[in-house]
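Written below as structure tokens is the structure these notes are about.
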Amino acid sequence: MDVSMALGICWGVKMRGSARLRCGEEVDDPRVVEEAMKLINEFLSRVERHKSVLLSESATPFDESIRALSNWLREIRAKVEEGNNDESIANLRRAVLDIGERMLELAKRARKKWLETYRPELEELINELGSGGARLIISGEPFNKDKSFVAHLFMKHLAIEMARVAKRGNITVNITLTGLKGVHVAIPKLFGDGKLRAMQCGLMLTDGSIDNDGYPMMSTNQLWQVFAWLTAWPGKNHAYTNGLSLNDGDVSVMWHLTVIDYKGAFKNKAEVAEVASGLGDEGLPTFMLYAVLGDGYVNIKEKEG
Numbered sequence: 022m023d024v025s026m027a028l029g030i031c032w033g034v035k036m037r038g039s040a041r042l043r044c045g046e047e048v049d050d051p052r053v054v055e056e057a058m059k060l061i062n063e064f065l066s067r068v069e070r071h072k073s074v075l076l077s078e079s080a081t082p083f084d085e086s087i088r089a090l091s092n093w094l095r096e097i098r099a100k101v102e103e104g105n106n107d108e109s110i111a112n113l114r115r116a117v118l119d120i121g122e123r124m125l126e127l128a129k130r131a132r133k134k135w136l137e138t139y140r141p142e143l144e145e146l147i148n149e150l151g152s153g154g155a156r157l158i159i160s161g162e163p164f165n166k167d168k169s170f171v172a173h174l175f176m177k178h179l180a181i182e183m184a185r186v187a188k189r190g191n192i193t194v195n196i197t198l199t200g201l202k203g204v205h206v207a208i209p210k211l212f213g214d215g216k217l218r219a220m221q222c223g224l225m226l227t228d229g230s231i232d233n234d235g236y237p238m239m240s241t242n243q244l245w246q247v248f249a250w251l252t253a254w255p256g257k258n259h260a261y262t263n264g265l266s267l268n269d270g271d272v273s274v275m276w277h278l279t280v281i282d283y284k285g286a287f288k289n290k291a292e293v294a295e296v297a298s299g300l301g302d303e304g305l306p307t308f309m310l311y312a313v314l315g316d317g318y319v320n321i322k323e324k325e326g
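If you're matching positions, the sequence shown starts at 22 in this note's numbering and goes up one per residue.
See the structure below:
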């Protein structure tokens with residue numbers, strides 16, 4: 022689909038009290054238009070590639086997560102029912118069973134709203150891109166490859182971000198879904214303080230971050246990371262699905278997790294690194310395991326939510 026002649030493009034301006042941008046100055050530089058069209062065409066290409074789950078009236082991007090969680094929960098329920106002489110293992114199984122049931126609840130809610138709200142909006146957006154009814158809002162640096170360049174599309178319940186990643190140059194496409202309610206998950210304390218600290222450090226130095234209010238958080242498209250994160254932070258956690266990732270050749274559900282009971286546990290990643298350096302030989306294996314469960318890439322630069 023060639024939308025370059027029909028699509029209106031403008032520079033984004035921040036709106037007070039909103040994460041969304043509004044249109045500012047119109048773009049008339051053909052070189053900037055060309056860079057923006059690379060992003061929009063990549064988005065359209067990925068939607069076309071995955072239209073069987075993105076634009077279907079019956080299949081959804083959440084079906085695979087629902088199947089995986091349902092199958093896994095059957096196995097865990099069977100293990101819980103058969104019992105275990107080791108109380109710590111029994112407690113762990115009960116905890117992960119509760120986590121799995123809550124995540125399944127979220128996935129089913131999201132599936133229902135996808136069919137009712139999100140899919141029709143995505144289809145409407147695709148049609149508007151072809152007819153000239155959509156507005157593409159851009160931000161960043163179109164010609165500096167060391168800086169990110171981002172294109173945004175906004176609908177009432179969808180926010181789509183197509184980004185050329187700084188330095189690496191690859192394009193990421195993410196769809197944010199608004200209006201999905203989350204759940205609170207209460208996790209019992211399953212490990213000692215020393216082991217928990219090592220687990221937390223491993224996750225925080227990889228995919229974990231600290232939001233603007235000081236709460237530890239993580240966004241992930243891997244279900245096993247959800248379980249690793251929640252068992253590392255006993256107490257109250259808030260979980261919700263906040264979008265889809267159209268990257269790595271697949272459509273993935275994004276899970277967003279925030280630790281409620283650990284506000285201010287770490288000021289920044291540099292502090293996490295300092296704590297991790299003092300874990301000692303006993304905590305190092307656990308730290309390394311959870312760093313791998315994070316994503317294996319340790320980053321001590323500040324990463325805000």
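By construction, the Cβ of each residue, glycine as well, lies at the ideal position given by its N, Cα and C atoms.
Select from Glu-182, Arg-218, Glu-69, Glu-144 the residue whose C-alpha is nearest the C-alpha of Glu-161.
Looking at the sequence provided, one finds Gly at residue 161 rather than Glu. Here the closest residue by C-alpha is Glu-182.
Measure the C-alpha to C-alpha separation of Gly-326 and Arg-70 and round it to an integer number of angstroms.
In this prediction, Gly-326 scores a pLDDT of 43, lower than 50, which makes its location untrustworthy; no coordinate-derived value is stated.
Considering only the beta carbon of each residue, do Gly-304 and Ala-219 sit closer than 7 Å?
yes
So, do the segment 169-189 and the segment 134-150 have three or more beta carbon pairs nearer to each other than 8 Å?
yes
Tell me, please, whether the segment 225-244 touches the segment 267-278 by the rule of three or more beta-carbon pairs shorter than 8 Å.
yes
With a 10 Å radius around its C-beta and 16 neighbouring C-beta atoms as the bar for buried, classify Val-313 as buried or exposed.
exposed
Looking only at its own chain, which residues have a Cβ that is under 7 Å from the Cβ of Ala-286, when we skip the five neighbours before and after it?
Pro-237
Output the distance between the C-alpha atoms of Leu-14 and Leu-226, rounded to the nearest integer angstrom.
Lying outside 22 to 326, the shown extent of the chain, residue 14 is not represented and no answer is given.
CA nearest to the CA of Ile-97, picked from Lys-202, Val-117, Gly-190
Val-117
Residues that DSSP places opposite Glu-47 in a beta bridge:
Cys-31
Could you pull the start and end residues of the beta strand (DSSP E) that Gly-264 belongs to?
256-268
Assuming Gly-121 contacts Ala-111 (C-beta within less than 8 Å), just tell me the rounded distance between them.
No, Gly-121 and Ala-111 are not in contact; Cβ-Cβ is about 16 Å, not under 8 Å.
Note down the Cα distance separating Gly-215 from Arg-115, rounded to an integer number of angstroms.
22 Å
Which stretch, first to last residue, makes up the beta strand (DSSP E) that contains Glu-122?
That residue, Glu-122, is in no beta strand (DSSP E); its alpha helix (DSSP H) goes 108-134.
Within 10 angstroms of the Cβ of Val-34, are there 16 or more other Cβ atoms? Answer buried if so, exposed if not.
exposed
Run through the segment 173-249 for me and flag every whole beta strand (DSSP E) of 3 or more residues, listed as ranges in chain order.
179-185, 192-198, 204-208, 229-231, 237-241
DSSP-derived helix/strand/coil call for Ser-3:
No answer is possible for residue 3: it lies beyond the span of the chain, which begins at 22 and ends at 326.
Whether or not the segment 202-217 and the segment 43-55 are in contact is what I'm after, with contact meaning three or more pairs of Cβ atoms, one per stretch, closer than 8 Å; do they touch?
no
The alpha helix (DSSP H) spanning Arg-140 covers which residue range?
140-152
Please classify Ser-91: does DSSP put it in a helix, a strand, or coil?
helix
Taking the straight line between their C-alpha atoms, what separation do you get for Glu-149 and Ala-155?
5 Å
Limits of the unbroken beta strand (DSSP E) element including Ser-298:
Unbroken run through Ser-298 is the alpha helix (DSSP H), 290-298; no beta strand (DSSP E).
Where do the ends of the beta strand (DSSP E) carrying Thr-279 lie?
271-280
For Lys-100, which residues in the same chain have their Cβ closer than 8 Å to its Cβ, ignoring the five residues on either side in sequence?
Arg-114
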